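**Q** Encoded as structure tokens, here's the structure I'll be asking about.
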Amino acid sequence: MVFGVILAGGMGSRMGNVEKPKQFLTIGEKPIIVHTLEKFYVNPKFEKIIVLCPSQWVEHTKNLVKKYMKDGERIAVISGGATRNETIMNSIAYIEEKYGLDEDTIIVTHDSVRPFVTHRIIEENISCAMKYGACDTVIPATDTIVESDDHKVITNIPNRANMYQGQTPQSFKAKKLKELYYALSEEEKEILTDAAKIFVMKGQEVHLVEGEVFNIKITYPYDLRVAETMTKGEK
Amino acid sequence: MLNAVYQLVAPRRIDVSFQDIDLHGDKMIVRPTHLSICHADQRYYQGVRPAEVLAKKLPMALIHEGIGEVVYDPSGVYKAGDCVVMIPNTPVEKDDVIAENYLRSSRFRASGFDGFMQDLVALDPDRAVLLPEGIDKTIAAFTELVSVSFHAIRRFDGIAHARRNTVGIWGDGNLGYITAVLFKSMFPDVHLCIFGTNDEKLEDFTFADATYNVKAIPNDLAVDHAFECVGGEASQKAINQIIDVINPEGTLSLLGVSEYPVPINTRMVLEKGLRLFGSSRSGRVDFEKTVALYASHPEIIGYFGKLVGALVEIHSIADMNRAFELDIQKSIGKTIMIWSK
Chain A
303 MVFGVILAGG MGSRMGNVEK PKQFLTIGEK PIIVHTLEKF YVNPKFEKII
353 VLCPSQWVEH TKNLVKKYMK DGERIAVISG GATRNETIMN SIAYIEEKYG
403 LDEDTIIVTH DSVRPFVTHR IIEENISCAM KYGACDTVIP ATDTIVESDD
453 HKVITNIPNR ANMYQGQTPQ SFKAKKLKEL YYALSEEEKE ILTDAAKIFV
503 MKGQEVHLVE GEVFNIKITY PYDLRVAETM TKGEK
Chain B
256 MLNAVYQLVA PRRIDVSFQD IDLHGDKMIV RPTHLSICHA DQRYYQGVRP
306 AEVLAKKLPM ALIHEGIGEV VYDPSGVYKA GDCVVMIPNT PVEKDDVIAE
356 NYLRSSRFRA SGFDGFMQDL VALDPDRAVL LPEGIDKTIA AFTELVSVSF
406 HAIRRFDGIA HARRNTVGIW GDGNLGYITA VLFKSMFPDV HLCIFGTNDE
456 KLEDFTFADA TYNVKAIPND LAVDHAFECV GGEASQKAIN QIIDVINPEG
506 TLSLLGVSEY PVPINTRMVL EKGLRLFGSS RSGRVDFEKT VALYASHPEI
556 IGYFGKLVGA LVEIHSIADM NRAFELDIQK SIGKTIMIWS K
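As you go down the protein sequences, you meet chains A and B in turn.
When we follow this note's numbering, the leftmost residue of the first sequence carries the number 303, and every step to the right adds one.
When we follow this note's numbering, the leftmost residue of the second sequence carries the number 256, and every step to the right adds one.
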């Protein structure tokens, strides 16, 4: 079984509007999270789509699902965790409780603030996770990446040809992800920025899925302006 | 749902834009898999349409010949994964007399609105026809073009008088070839003559009863009816040659598209009492019957296999441009985009 896991846990403190997490702001006539959900909703491969958001926003999100989605039954809204990976573990716990976990349970985890994800990217995530166990959506880096350990001087400039920018979805065999995550030490957990790293830290292969430059993450007010412009074509 | 649409924004320049698909409506959603490039697409891509036409129509996604897999159908007619051919003509009204493809109100993909170069295509469920399982998708990709020929032959059958001993098809390109294959399978007893300019291409019409170079037509040759599948600048020569060769009261079916008005010998049209009728595009019934013909006459698919030219895997906008540029260089055949974008 394949599950969509929409990560809407962020509190949006980087946006100008501190009152409302960014996934609830609108592009066109719908909240960003609804645009994102729709991409998963139309894909029949998903048994269920699980939305994880801050507990105080759970009811609000449920109301949005009711208002905007035709068949709310395929969508579950539950509370996220303290970190991104704890949030993903919450989704796995939900799946385990309701459906059971087996070797072929796939989760396609996706940022709720990336509404421009395409059907092709989602499809390739599903097939890649089924085949290899883990995959990450990336685009080749266009800017040179500069590394600095002390945030003052450059430590290293890696070869750009080998650099990619990570996007989402990131997709995994859920059982494997759970096992690897709970095998990490607390120190290892602290340096995790995303779930793909769990596999990498444990020496497991994570395959690349080609993303899109336009699969942007709406993080800053500027991004929202870009997204608005992207959706205002002449026709 | 924010859908990625790959529009031609200026000649030779394709860019992505996003359009919201309303999931609360009745529209089904299809993921394109194989798209076929048509001359009409090329006229936009190369910018050879008049400037005012380009200014009015662009930006617009190209391609009106294509197939795909059903992703979502709220009407329940199709199930996810069904392979369908998409119908570009999109009527907005019903008319008991006038066919859907001739209603001036109908919209047409990649002409009046966005074509199939999209991540997902939203269609009314009656704008798709199920394809037989196991069909060669690279051939099925240009079913729309086949349905246009089918439509013209169907109309010919209703319009032309009953003496059909000899029928001529002018044009040795894709449209001439497809029309000839279909005609022979639908009217196997009619003596079918092909008229073209390229001897090498004419040799491919092995199923026809005779082929002639238009520069060397025997003086005593006559046809009862004719199809013009030439189009462009050569339309004038072809139509007037047909008028000379055709028997009185014959029917001349016009299929070739010309950007400019074509002078024709109306004196002889009058003297011979000819019937000239035009055909353009096709409707749902033509698609259904074309697909049924694939099933009842599988040899057709074999003949059409010859038309599959370059297959271009599309992962980027650069690949889309490459497919169109490759298509310009070909002399015959169809360029098929394997849609992986």
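All residues carry an ideal CB built from backbone N, CA and C; glycine is no exception.
Bear in mind that the values here come from a model prediction, so they are computed numbers and not experimental data.
If the cut is a Cβ gap below 8 Å, which residues of chain B does residue 418 of chain A touch?
**A** Correct list: 257, 259, 273.
**Q** Buried or exposed, going by whether 16 or more other CB atoms sit within 10 Å of the CB of residue 284 of chain A?
**A** There is simply no residue 284 of chain A to check, as chain A begins at 303 and stops at 537 in what is shown.
**Q** Starting from residue 338 of chain B, trace the beta strand (DSSP E) in both directions and tell me its first and last residue.
**A** Element bounds for residue 338 of chain B: 338–341.
**Q** In angstroms, rounded to a whole number, what distance separates the CA positions of residue 520 of chain A and residue 554 of chain B?
**A** Computed Cα separation, rounded: 54 Å.
**Q** Taking 8 Å as the cut-off, does the segment 511–521 of chain B touch the segment 353–372 of chain B (at least 3 CB pairs, one atom from each stretch)?
**A** No, they do not touch.
**Q** Does the segment 309–327 of chain B come within contact of the segment 373–389 of chain B, defined as at least 3 CB pairs closer than 8 Å?
**A** Because the criterion of three Cβ pairs below 8 Å is met, the segment 309–327 of chain B and the segment 373–389 of chain B touch.
**Q** At a Cβ cut of 9 Å, what residues of the segment 327–358 of chain B count as close to chain A, listed as they run along the chain?
**A** Residues 327, 329, 334, 335, 336.
**Q** For residue 288 of chain B, I'd like the list of residues in its chain whose CB is within less than 7 Å of its CB, leaving aside the five on either flank, ordered along the chain.
**A** Taken in chain order, the residues that qualify are 322, 323, 324, 392, 594.
**Q** Based on DSSP bridge pairs, tell me the residues matched to residue 358 of chain A.
**A** For residue 358 of chain A, which the question treats as bridged, DSSP gives no partner whatsoever.
**Q** Residue 319 of chain B by DSSP, collapsed to three states: which one?
**A** Coil, per DSSP.
**Q** Please list the residues of the segment 404–432 of chain A that have a C-beta atom closer than 7 Å to any C-beta atom in chain D, keeping them in chain order.
**A** The chain labelled as chain D is not found among the protein chains of the depicted structure, namely A and B.
**Q** Would you tell me roughly how many angstroms separate the C-alpha atoms of residue 491 of chain A and residue 501 of chain A, rounded to the nearest one?
**A** Taking the straight line joining both Cα atoms gives about 12 Å.
**Q** Report all residues from its chain with a CB closer than 7 Å to the CB of residue 328 of chain B; omit the five preceding and five following residues, and keep chain order.
**A** Excluding sequence neighbours, residue 328 of chain B sits near 283, 380.
**Q** CB-CB under 6 Å to residue 490 of chain B, same chain, minus the five flanking residues each way: which ones, in chain order?
**A** Counting only Cβ-Cβ distances below 6 Å, and skipping sequence neighbours, we find 511, 513, 517.
**Q** Apart from the five residues just before and just after residue 418 of chain B, which ones in its own chain have a Cβ nearer than 6 Å to its Cβ?
**A** So the qualifying residues of the chain are 479.
**Q** By alpha-carbon positions, which one of A:337, A:417, A:392, A:347 ends up nearest to residue 366 of chain A?
**A** For residue 366 of chain A, the nearest C-alpha among the options comes from A:337.
**Q** Going straight from the alpha carbon of residue 397 of chain B to that of residue 373 of chain A, what length do you get?
**A** One C-alpha to the other measures close to 36 Å.
**Q** Which residue's Cα is closest to the Cα of residue 481 of chain B: B:507, B:500, B:503?
**A** Among B:507, B:500, B:503, the Cα nearest to that of residue 481 of chain B is on B:507.
**Q** Only counting the same chain, and skipping five residues up and downstream in sequence, which positions put a Cβ closer than 7 Å to that of residue 315 of chain A?
**A** Summary for residue 315 of chain A: the model assigns pLDDT 46, below 50, so the residue's position carries little reliability, and this model does not support an answer.
**Q** Let me see if you follow: with CB-CB separation under 9 Å, is residue 374 of chain B close to chain A or not?
**A** True, the Cβ-Cβ gap to chain A drops below 9 Å.
**Q** Quick check: residue 515 of chain A and residue 423 of chain A, are their CB atoms within less than 9 Å of each other?
**A** Result no, Cβ atoms of residue 515 of chain A and residue 423 of chain A do not sit closer than 9 Å.
**Q** Do residue 317 of chain B and residue 299 of chain B count as a contact pair if the criterion is CB distance below 9 Å?
**A** A contact, by the Cβ cut-off of 9 Å.
**Q** Establish whether the CB of residue 315 of chain A and some CB of chain B are separated by less than 9 Å.
**A** Summary for residue 315 of chain A: the model assigns pLDDT 46, below 50, so the residue's position carries little reliability; its value from the coordinates is reported in the next sentence. No, residue 315 of chain A does not count as interfacial toward chain B.
**Q** So which residues on chain B does residue 344 of chain A lean against when the C-beta distance must stay under 7 Å?
**A** Neighbours of residue 344 of chain A on chain B, chain order: 256, 278, 284, 326, 327.
**Q** Answer yes if the segment 405–421 of chain B comes into contact with the segment 524–536 of chain B, meaning at least three C-beta pairs across the two stretches below 8 Å, and no otherwise.
**A** Short answer: they touch.
**Q** In its own chain, which residues sit with a C-beta less than 6 Å from the C-beta of residue 276 of chain B, not counting the 5 before and 5 after it?
**A** Closer than 6 Å at Cβ, skipping near neighbours: 256, 258, 377.
**Q** Is the CB of residue 332 of chain A under 9 Å away from at least one CB in chain B?
**A** It does: the Cβ of residue 332 of chain A has a partner Cβ on chain B nearer than 9 Å.
**Q** For residue 439 of chain A, which of A:375, A:508, A:344 has the nearest alpha-carbon?
**A** Cα-wise, what sits closest to residue 439 of chain A is A:508.
**Q** Apart from the five residues on each side of it in sequence, which residues of its chain come closer than 8 Å, Cβ to Cβ, to residue 435 of chain B?
**A** Taken in chain order, the residues that qualify are 424, 447, 449, 460, 462, 463.
**Q** Give the DSSP-derived three-state secondary structure of residue 366 of chain B in the structure shown.
**A** In this structure, residue 366 of chain B counts as coil in the three-state DSSP scheme.
**Q** For residue 516 of chain A, which residues in chain B fall below 9 Å Cβ to Cβ?
**A** In chain order: 259, 271, 273.
**Q** Taking a Cβ distance cut-off of 7 Å, strictly less, list which residues of the segment 351–385 of chain A are near chain B, in chain order.
**A** Listed by position along the chain: 372.
**Q** Tell me whether residue 319 of chain A sits in a helix, a strand or coil according to DSSP, three-state version.
**A** Unreliable placement is indicated for residue 319 of chain A, whose pLDDT of 48 sits below 50; the coordinate value is still reported in the next sentence. Residue state, collapsed to three classes: coil.
**Q** Give a yes or no on contact between the segment 392–407 of chain A and the segment 470–481 of chain A, applying the rule of three or more CB pairs nearer than 8 Å.
**A** Yes, since at least three Cβ pairs between the segment 392–407 of chain A and the segment 470–481 of chain A fall closer than 8 Å, the two stretches touch.
**Q** So, does the CB of residue 440 of chain B fall closer than 9 Å to a CB anywhere in chain A?
**A** Not one chain A Cβ lies under 9 Å of residue 440 of chain B.
**Q** Would you tell me roughly how many angstroms separate the C-alpha atoms of residue 261 of chain B and residue 372 of chain B, rounded to the nearest one?
**A** Rounded to whole angstroms, residue 261 of chain B to residue 372 of chain B spans 5 Å at the Cα level.
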